[in-house]
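Numbering (the working numbering), first residue to last: 26 to 828. Virtual Cβ for every residue (Gly too), placed ideally from N, Cα, C. Take a look at the structure set out below.
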Ligand SMILES: Cc1cc2nc3c(=O)[nH]c(=O)nc-3n(C[C@H](O)[C@H](O)[C@H](O)COP(=O)(O)OP(=O)(O)OC[C@H]3O[C@@H](n4cnc5c(N)ncnc54)[C@H](O)[C@@H]3O)c2cc1C
């Protein structure tokens with residue numbers, strides 16, 4: 026065994042082997058994979074081998090497309106058969122909601138370059154004569170779908186990697202991972218120790234145990250899963266062509282041909298987490314006892330929909346475990362707070378996803394960033410709140426909902442209340458309807474008291490519409506209060522704080538007492554943050570940003586600290602806060618402050634340490650609503666007192682609570698994008714318009730790429746559009762079409778309540794990105810006329826904010 030390697034990958038399942046292959050392919054041949062048993066000794070060997078492209082996140086779908094398209098090449102490179110059957114497959118809808126869902130998927134597929142199309146039910150019956158088409162109302166066809174041989178694929182990755190110069194060792198269980206002072210890792214096995222610059226946890230079913238070796242607690246959970254294989258079915262024996270694969274959403278099940286029979290898998294309505302406290306080391310090429318009663322109900326549905334199954338004998342019933350993460354998507358990337366430790370865990374659809382996971386992780390390790398935005402798979406989207414218990418609860422929920430529809434306005438119920446603020450009960454009493462973000466509950470909108478705080482999941486406007494309208498009206502006409510505990514707060518203290526921020530941030534770093542907005546770029550010029558920098562004094566700065574991305578940003582800041590004399594901390598949980606917005610917000614604030622808060626004394630984009638209602642606070646004059654507004658950050662123990670004081674002082678000013686939906690509506694009227702939707706690493710500063718905030722006079726990360734793009738001009742641009750709709754708005758990922766051709770896609774949108782206008786933000790080719798250009802936007806399969814606007818439709822000069 027080698028004594029040194031650039032990378033050691035722990036785990037020889039399909040994920041580890043794909044990472045090895047991609048590292049070797051992209052130039053890091055000095056990579057070694059260690060497998061405790063034979064390759065495929067975890068969940069990989071007993072997978073059903075079905076492959077499909079549809080996923081909740083468009084970039085994951087894109088990567089699933091990449092994975093499937095790679096198989097033929099992989100077979101050729103490795104000389105190992107992957108058993109690919111490119112049969113094509115259909116996604117079957119048995120009710121209108123599912124049909125709408127498929128239409129939305131079709132819309133996403135248009136811009137992802139995936140070739141999905143609706144086919145008639147007659148066509149379904151022709152392609153798959155065993156299905157009863159009367160049970161369905163629509164079918165979406167994807168020619169990429171089919172099945173593979175799971176062991177063949179895993180070995181093909183490993184063999185191809187070996188041919189490219191990488192190596193792997195079986196029967197080499199990793200028993201310790203010890204980090205040296207230089208950041209490298211000693212990876213210890215019974216046969217020797219390898220010192221590696223980086224390690225990758227691809228432990229699959231044992232990801233938790235591999236994590237423990239380095240003191241890491243991962244929120245992943247293996248779940249039991251059943252599929253059955255029938256005896257030969259005469260109709261199949263009589264055919265020459267292989268049957269297509271299929272997914273039945275309502276049945277939460279998938280099926281395909283296996284031999285001369287069929288394979289049918291289902292996600293049980295009541296899931297069974299397996300080995301909750303830890304995966305036994307002795308487990309390997311074994312299966313679990315089938316629990317027929319767990320799947321009986323779903324099987325019956327399957328038999329109704331594919332009647333030939335009821336006649337066929339069951340040849341094999343498989344119950345095997347595989348690992349889920351809290352939201353069902355993989356968890357990959359550098360683990361925040363650790364050096365040179367990479368995760369590739371919770372990959373629950375390895376044969377659809379491992380190619381994409383391997384590609385992204387290898388790019389990230391070698392080039393410093395993946396080619397596309399991998400936020401939906403980034404391990405940094407979770408924080409400390411995502412404990413192992415949380416992992417079990419949420420994995421169970423995600424398993425049970427594997428193919429179950431989640432509507433754009435729906436929040437999932439399990440694992441809620443993980444983090445709450447001191448206002449939780451008060452706001453609940455006010456009628457708050459809650460959502461969780463980064464484990465913290467925040468109010469979406471306010472109903473008329475707790476009894477009224479409910480909403481139907483829908484693709485269309487929900488009953489919250491009118492309630493949000495009155496919140497917006499209160500902010501635009503009087504004053505509103507919103508809890509902003511969920512914003513991220515990062516602190517930088519020390520003599521080099523300014524120097525550091527000047528280099529890490531592309532925009533101006535403000536002078537003492539002032540605030541500036543700035544993009545943060547990757548070396549390739551991709552957006553990595555859209556952040557608010559505040560200078561408290563020359564040696565103390567705060568950055569406010571996306572709460573969801575706080576660990577992602579922490580990881581970025583920490584990875585650039587070397588050589589600077591400063592202390593950095595993610596202080597998001599140390600500061601909670603409340604925002605005041607609206608023309609009467611100054612009057613309200615003045616009632617709470619002894620210091621002068623007049624427009625001359627506290628200007629737009631000022632920050633000061635002061636007292637508000639006698640509470641020590643960081644007071645900023647900012648607002649995301651486009652109105653005169655303030656954000657008041659206080660330590661959590663003071664927030665309740667501040668809140669009570671605000672309610673008392675604002676009672677005669679028409680003060681109203683407002684939530685995230687109202688805020689998101691008002692920012693549309695100002696043409697402002699938001700992080701994770703319109704602004705994210707898929708786009709550059711010039712594409713998003715964030716280049717307006719760049720200080721070109723200084724050196725900063727990503728400058729060369731930004732300068733190059735400034736010279737050539739961006740190929741696509743973020744635009745704001747009005748859309749002529751009735752009772753529906755975009756959520757995101759809808760296709761934008763020009764003359765019937767997909768030219769871009771929506772990144773966010775909704776209803777602008779003050780303007781009474783449906784609106785959307787999205788990216789289109791630069792030559793079309795002009796005020797007045799008209800498009801069609803496809804929402805739920807219908808085309809709606811859209812037109813690009815120029816300046817913001819509400820207060821374009823920003824006079825209200827600056828008043
Ligand atoms: C019944 C069933 C049906 C499925 N059907 C499908 C399907 O149709 N399509 C699809 O895409 N996916 C399917 N899956 C999911 C798929 O199997 C998994 O997503 C995939 O196997 C995950 O691969 P992995 O490499 O992450 O983990 P694993 O396959 O669990 O691999 C982890 C490896 O790490 C090794 N290891 C652990 N600890 C150590 C250590 N300390 N030192 C060295 N090595 C170690 C293990 O021995 C193991 O080989 C199915 C799963 C099941 C159970």
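Check, Outcome
"Report yes or no: do the segment 741 to 750 and the segment 781 to 789 share at least 3 C-beta pairs separated by less than 8 Å?", "yes"
"Report all residues from its chain with a CB closer than 7 Å to the CB of residue 176; omit the five preceding and five following residues, and keep chain order.", "65 and 70"
"Going by the C-beta, is residue 38 closer than 7 Å to any heavy atom of ligand 1?", "yes"
"Starting from residue 811, trace the beta strand (DSSP E) in both directions and tell me its first and last residue.", "807 to 813"
"Note down, in chain order, each residue of its chain lying with its Cβ closer than 8 Å to the Cβ of residue 631, except the 5 sequence neighbours on either side.", "538, 539, 540, 645 and 646"
"Would you grab the beta carbon distance between residue 384 and residue 503 for me? Rounded to a whole angstrom, and I think it's under 8 Å.", "With 8 Å as the limit, residue 384 and residue 503 do not qualify as a contact, their Cβ atoms being about 52 Å apart."
"Alpha carbon to alpha carbon, how far is residue 228 from residue 39? Give it in angstroms, no decimals.", "10 Å"
"Identify whether residue 378 lies in helix, strand or coil by the three-state DSSP scheme.", "helix"
"Just checking my contact of residue 757 with residue 768 at CB under 8 Å: how many whole Å lie between their CB atoms?", "Incorrect: roughly 17 Å between the Cβ atoms, too far for contact."
"Starting from residue 19, follow the beta strand (DSSP E) in both directions and report where the run begins and ends.", "Any property of residue 19 remains undetermined from this structure, which presents the chain solely from 26 to 828."
"Kindly indicate which three-state DSSP category residue 40 falls into: helix, strand or coil?", "helix"
"Going by other Cβ atoms of all chains shown within 10 Å of its Cβ, with 16 needed for buried, is residue 499 buried or exposed?", "buried"
"In chain order, what residues of the same chain have a beta carbon less than 6 Å from the beta carbon of residue 34, not counting five sequence neighbours either side?", "41, 44, 45, 58, 225 and 227"
"For residue 195, which residues in the same chain have their Cβ closer than 6 Å to its Cβ, ignoring the five residues on either side in sequence?", "60 and 63"
"If you draw a straight line from the C-alpha of residue 469 to the C-alpha of residue 754, how long is it?", "17 Å"
"Mind checking residue 628: buried by the 16 CB within 10 Å criterion, or exposed?", "exposed"
"Mapping the DSSP letters down to three states, classify residue 637 as helix, strand or coil.", "strand"
"Quick check: the segment 692 to 702 against the segment 507 to 524, are at least 3 beta-carbon pairs closer than 8 Å?", "no"
"If you draw a straight line from the C-alpha of residue 652 to the C-alpha of residue 233, how long is it?", "48 Å"
"What residue does the beta strand (DSSP E) around residue 681 start on, and which one ends it?", "680 to 682"
"So what's residue 15 in DSSP terms, helix, strand or just coil?", "In the structure as shown, the chain starts at 26 and stops at 828, and residue 15 therefore has no counterpart that could be examined."
"Checking 8 Å against the spacing of the C-beta atoms, do residue 390 and residue 802 come in under that value?", "no"
"Applying the criterion that 16 or more other CB atoms from any shown protein chain within 10 Å of the CB defines a buried residue, is residue 4 buried or exposed?", "The structure shown does not extend to residue 4, since the chain spans only 26 to 828, so no value can be given for it."
"Which partner residues does residue 220 have in the DSSP bridge list?", "29 and 211"
"So for residue 726, helix, strand or coil by DSSP?", "coil"
"Tell me the rounded alpha-carbon separation between residue 807 and residue 88.", "27 Å"
"Based on DSSP bridge pairs, tell me the residues matched to residue 771.", "787"
"Looking only at C-alpha atoms, which of 155, 137 and 131 sits nearest to residue 144?", "131"
"Less than 7 Å separating the Cβ of residue 216 from some heavy atom of ligand 1?", "no"
"Using the beta-carbon count (16 or more within 10 Å), is residue 361 buried or exposed?", "buried"
"Quick check: what's the CA-CA separation for residue 411 versus residue 432?", "23 Å"
"Who pairs with residue 804 in a beta bridge, going by DSSP?", "807"
"At a cut-off of 7 Å, is residue 119 close to ligand 1 when judged by its beta-carbon and the heavy atoms of the ligand?", "no"
"What are the boundary residues of the beta strand (DSSP E) that residue 23 is part of?", "Beyond the ends of the chain as shown, which are 26 and 828, falls residue 23; an answer cannot be given."
"Can you tell me where the beta strand (DSSP E) holding residue 839 begins and where it ends?", "Nothing can be reported for residue 839: it is not among the residues displayed for the chain, which extend from 26 to 828."
"Using the Cα positions of residue 249 and residue 511, report the straight-line distance between them to the nearest angstrom.", "35 Å"
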